[in-house]
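**Q** For reference, the structure I am asking about is given below.
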DNA sequence: ATATTTTCTTGCCATATGGCAAGATTTAAT
DNA sequence: ATTAAATCTTGCCATATGGCAAGAAAATAT
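So, in structure tokens, the structure goes:
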């Protein structure tokens with residue numbers, strides 16, 4: 003007996019009809035990524051996006067001094083997509099890398115366009131997902147200005163506690179906008195609270 | 003003889019047919035905002051968005067300590083929209099205020115939905131605009147981590163030189179993630195380069 | 001034109017975070 | 001199991017930026 007398809011958690015029955023799901027679900031292709039392999043690398047144009055069924059993924063940019071800056075972390079249920087590259091059909095400045103072995107479900111741009119233009123619920127959900135990413139990014143951006151590093155750290159481990167087991171301090175630190183040295187000190191302080 | 007409609011700069015003839023433009027353009031309503039008036043205020047749900055024909059606009063958030071943090075500046079040709087509030091139909095955490103008298107063209111949510119679902123070019127342009135906002139926000143976010151305040155300042159006045167004539171240092175400073183005191187010192191340093 | 005309010009600059013010192021390097025610890029490779 | 005490599009912690013000191021308050025300058029109101 004088949005287990006329910008992972009994607010039915012993403013495209014739920016209360017928003018999509020049975021007929022729509024029968025069109026949408028088979029369009030996704032199951033793809034495995036080995037630990038440390040790249041889903042996308044700088045200079046390439048994103049031709050796909052993915053939903054993560056299992057594993058951890060990190061996106062990062064390289065700044066002008068060659069430093070690696072984490073821009074996001076993804077795990078089960080998350081969409082992994084470089085919005086600008088995918089929709090503007092332009093080379094990305096980011097890298098997306100598997101931190102662990104991952105199982106993902108992949109969709110390509112042309113298929114996306116067809117679904118987007120023919121199924122209103124798909125369109126709505128796509129727009130909502132993008133807007134939520136925007137909202138999350140703005141929250142992070144404001145937090146960089148309004149909060150101290152320790153507050154950002156607390157919030158991050160509260161929202162994504164499994165990160166600590168899967169991501170190096172260095173990678174978490176750059177996401178928080180600090181060095182790994184400072185993060186180590188912050189953790190020490192945090193532990194003693 | 004009529005001057006060409008301002009919105010024809012936004013919805014250009016190479017992307018929209020004459021018929022589409024005849025549907026779209028009349029849906030926008032011309033609205034004037036007096037200096038210091040609010041287009042949107044915290045706690046309200048965004049029911050409209052606007053294209054700025056003339057004037058300057060600022061959006062800002064209030065952080066947990068009650069400090070006002072500029073999140074963006076807008077002027078001629080820019081879209082003024084709170085993406086999450088408008089599309090998620092949720093109360094906003096931001097404020098949007100006219101810094102000068104402004105002439106804007108306004109569209110409401112229901113009309114947007116109709117155009118979005120019936121005109122493919124409108125849909126594409128809307129998505130592209132959102133993705134570009136996302137891209138710009140990510141650039142700012144990375145710059146907060148990778149660059150020094152003086153570099154962000156240089157970039158901002160290069161991209162939007164008219165800001166200096168229309169926005170207080172305090173408001174620019176919070177956008178850059180620093181205090182007005184520090185910005186004043188940075189400007190001094192910058193001037194002597 | 002004058003008064004009032006707001007904005008901007010500057011000095012003094014405080015604080016958060018960075019840079020570097022040495023050890024300690026953990027993880028991965030043979 | 002042993003070795004090698006990567007990661008994490010810690011000390012010492014440097015740097016970017018903040019906080020506060022006073023005065024200067026500019027904008028606004030009467």
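Protein chains in written order, with our numbering: chain A, 3 to 195; chain B, 3 to 195.
C-beta: ideal position from N, C-alpha, C; glycine also.
The model shown is predicted, which means the values in this text are computed figures rather than measured ones.
#1: Closer than 6 Å by C-beta to residue 87(A): which residues in its own chain qualify, once you throw out the five before and the five after it? Chain order, please.
#2: Tell whether a beta-carbon distance below 8 Å holds between residue 81(A) and residue 53(A).
#3: Taking buried to mean at least 16 other C-beta atoms within 10 Å of its own C-beta, is residue 97(A) buried or exposed?
#4: How would you list, in chain order, the residues of chain A whose beta-carbon sits under 7 Å from the beta-carbon of residue 122(B)?
#5: Counting contacts by CB-CB distance shorter than 8 Å, is residue 163(B) in contact with chain A?
#6: Spell out the partners DSSP gives residue 47(B) in its beta bridges.
#7: Considering only the beta carbon of each residue, do residue 90(B) and residue 37(B) sit closer than 8 Å?
#8: Counting beta carbon pairs with one atom in the region 171-183 of chain A and one in the region 68-85 of chain A, are three or more of them shorter than 8 Å?
#9: Where do the N-terminal and C-terminal ends of the alpha helix (DSSP H) with residue 105(A) fall, by residue?
#10: Given this structure, state the Cα-to-Cα distance separating residue 43(B) from residue 133(B), to the nearest angstrom.
#11: What's the C-alpha gap between residue 183(B) and residue 79(B)?
#12: Taking a cut of 8 Å between CB atoms, which residues from the region 72-94 of chain A lie near chain B?
#13: Classify residue 33(A) as helix, strand or coil using the three-state DSSP reduction.
#14: My output table needs one value for residue 149(A): the three-state DSSP class, helix, strand or coil.
#15: Could you tell me the boundaries of the beta strand (DSSP E) in which residue 71(B) lies?
#16: Under a three-way DSSP split, which group does residue 13(B) fall into?
#17: Let's test the definition: count the other Cβ atoms within 10 Å of the Cβ of residue 61(A) and tell me whether it reaches 16, buried, or not, exposed.
#18: Would you mind stating whether residue 131(A) and residue 29(A) have Cβ atoms separated by less than 8 Å?
#19: Are there 16 or more other CB atoms within 10 angstroms of the CB of residue 68(A), so buried, or fewer, so exposed?
#20: Determine whether the Cβ of residue 131(B) lies closer than 8 Å to any Cβ atom of chain A.
#21: Report back the beta-carbon spacing between residue 171(A) and residue 185(A) to the nearest angstrom; my notes put them in contact at under 8 Å.
#22: Nearest-angstrom Cα distance between residue 164(B) and residue 161(A)?
#23: Within the same chain, show all residues whose beta-carbon is closer than 8 Å to that of residue 145(A), passing over the 5 residues directly before and after it, in chain order.
#24: In terms of residue numbering, what span does the beta strand (DSSP E) encompassing residue 64(A) cover?
#25: Residues in the region 139-157 of chain B with C-beta within 7 Å of chain A's C-beta atoms, listed in sequence order?
#26: State the Cα-Cα distance for the pair residue 141(B) and residue 65(A), rounded to the nearest angstrom.
#27: Check each candidate in 55(A), 137(A), 190(A) and 17(A) and name the one with the smallest Cα separation from residue 7(A).
#28: Going by the CB atoms, is the gap between residue 108(B) and residue 33(B) shorter than 8 Å?
#29: When we look at the beta-carbon of residue 15(A) and count the other beta-carbons within 10 Å, is it buried (16 or more) or exposed?
#30: Kindly indicate if chain B contains any beta-carbon less than 8 Å away from that of residue 112(A).
#31: What are the residues of the region 55-71 of chain A that lie near chain B, defined by any Cβ-Cβ distance shorter than 9 Å?
#32: Give me the chain A residues within the contact set of residue 176(B), using Cβ-Cβ distance strictly less than 8 Å, ordered along the chain.
#33: Residues of chain B with CB closer than 9 Å to the CB of residue 18(A), please, in chain order.
#34: How about residue 45(B): is its C-beta nearer than 8 Å to some C-beta of chain A?
#35: Out of 111(A), 20(A), 24(A) and 35(A), state which residue places its alpha-carbon closest to the alpha-carbon of residue 58(A).
#36: Is residue 27(A) near the ligand ATP, going by C-beta to nearest heavy atom under 7 Å?
**A** Taking the definition as stated:
#1: Looking up residue 87(A) in the first chain gives position 85. So the list reads 47, 48 and 94, once near-sequence residues are dropped.
#2: Counting from 1 along the first chain, the entry for residue 81(A) is found at position 79. Counting from 1 along the first chain, the entry for residue 53(A) is found at position 51. Taking 8 Å as the Cβ cut-off, residue 81(A) and residue 53(A) qualify as a contacting pair.
#3: If you number the first chain from 1, residue 97(A) lands on position 95. Flag for residue 97(A) reads buried.
#4: Start at 1 with the first residue of the second chain, and residue 122(B) comes out as number 120. Those within 7 Å of residue 122(B) in chain A are 119.
#5: Position 161 of the second chain, counted from the start, is the residue given in the question as residue 163(B). Chain A contact via Cβ: absent.
#6: Position 45 of the second chain, counted from the first residue, corresponds to residue 47(B). Note: residue 47(B) sits in a beta bridge opposite 93(B).
#7: Position 88 of the second chain, counted from the first residue, corresponds to residue 90(B). Position 35 of the second chain, counted from the first residue, corresponds to residue 37(B). No, the Cβ-Cβ distance between residue 90(B) and residue 37(B) is not below 8 Å.
#8: yes
#9: Locating residue 105(A) in the first chain gives position 103, counting from the first residue. Run containing residue 105(A): none in the alpha helix (DSSP H); it sits in the beta strand (DSSP E), 104-110.
#10: Taking the second chain and counting its residues from 1, one reaches residue 43(B) at position 41. Taking the second chain and counting its residues from 1, one reaches residue 133(B) at position 131. Looking at the two C-alpha atoms, the distance is approximately 24 Å.
#11: By one-based count along the second chain, residue 183(B) stands at place 181. By one-based count along the second chain, residue 79(B) stands at place 77. Each residue's Cα considered, the two are about 32 Å apart.
#12: 73, 85, 86, 89 and 90
#13: In the first chain, counting from the first residue as 1, residue 33(A) sits at position 31. Strand.
#14: Here the question's residue 149(A) lines up with position 147 in the first chain. Residue 149(A) falls in the coil class under three-state DSSP.
#15: If you number the second chain from 1, residue 71(B) lands on position 69. From DSSP, the beta strand (DSSP E) with residue 71(B) extends over 70-76.
#16: Taking the second chain and counting its residues from 1, the one referred to as residue 13(B) is at position 11. DSSP places residue 13(B) in coil when its eight states are reduced to three.
#17: As a first step, residue 61(A) is located in the first chain; it is residue number 59 there, counting from the start. Answer is buried; the Cβ neighbour count reaches 16.
#18: Sequence index remark: in the first chain, residue 131(A) carries index 129 (1-based). Sequence index remark: in the first chain, residue 29(A) carries index 27 (1-based). Going by C-beta atoms, residue 131(A) is not nearer than 8 Å to residue 29(A).
#19: In the first chain, residue 68(A) corresponds to position 66, counting from 1. Its Cβ having fewer than 16 others within 10 Å, residue 68(A) is exposed.
#20: Residue numbering aside, residue 131(B) sits at position 129 when the second chain is read from its first letter. So, not an interface residue.
#21: Translated into the one-based positions of the first chain, residue 171(A) becomes position 169. Translated into the one-based positions of the first chain, residue 185(A) becomes position 183. Right, their Cβ atoms sit about 5 Å apart.
#22: The sequence position of residue 164(B) within the second chain is 162, counting from 1. The sequence position of residue 161(A) within the first chain is 159, counting from 1. Using only the alpha carbons, I get a separation of about 40 Å.
#23: Indexing the first chain from 1 puts residue 145(A) at position 143. These residues qualify, in order along the chain: 153, 154 and 157.
#24: The count along the first chain starts at 1 and reaches residue 64(A) at position 62. Note, residue 64(A): beta strand (DSSP E), 59-64.
#25: 139, 140, 142, 143, 144, 146, 147 and 148
#26: Taking the second chain and counting its residues from 1, one reaches residue 141(B) at position 139. Taking the first chain and counting its residues from 1, one reaches residue 65(A) at position 63. Each residue's Cα considered, the two are about 11 Å apart.
#27: As a first step, residue 7(A) is located in the first chain; it is residue number 5 there, counting from the start. Minimum Cα distance to residue 7(A) is reached at 55(A).
#28: Counting from 1 along the second chain, the entry for residue 33(B) is found at position 31. Counting from 1 along the second chain, the entry for residue 108(B) is found at position 106. For residue 33(B) and residue 108(B), yes; Cβs fall inside 8 Å.
#29: Along the first chain, read from residue 1 onward, the residue named residue 15(A) stands at position 13. So residue 15(A) ends up on the exposed side.
#30: In the first chain, residue 112(A) corresponds to position 110, counting from 1. By this cut-off, residue 112(A) is not an interface position.
#31: 63, 65, 66, 67, 69 and 71
#32: Mapped onto the second chain, residue 176(B) falls at position 174. Here the neighbours are 147.
#33: Counted from its first residue, the first chain places residue 18(A) at position 16. Chain B residues near residue 18(A): none, gap ~16 Å exceeds 9 Å.
#34: On the second chain, position 43 is the one that residue 45(B) refers to. No - not a single Cβ of chain A is within 8 Å of the one on residue 45(B).
#35: The sequence position of residue 58(A) within the first chain is 56, counting from 1. The shortest Cα separation from residue 58(A) among 111(A), 20(A), 24(A) and 35(A) belongs to 35(A).
#36: Here there are no bound small molecules, and the ligand ATP is not part of this structure.
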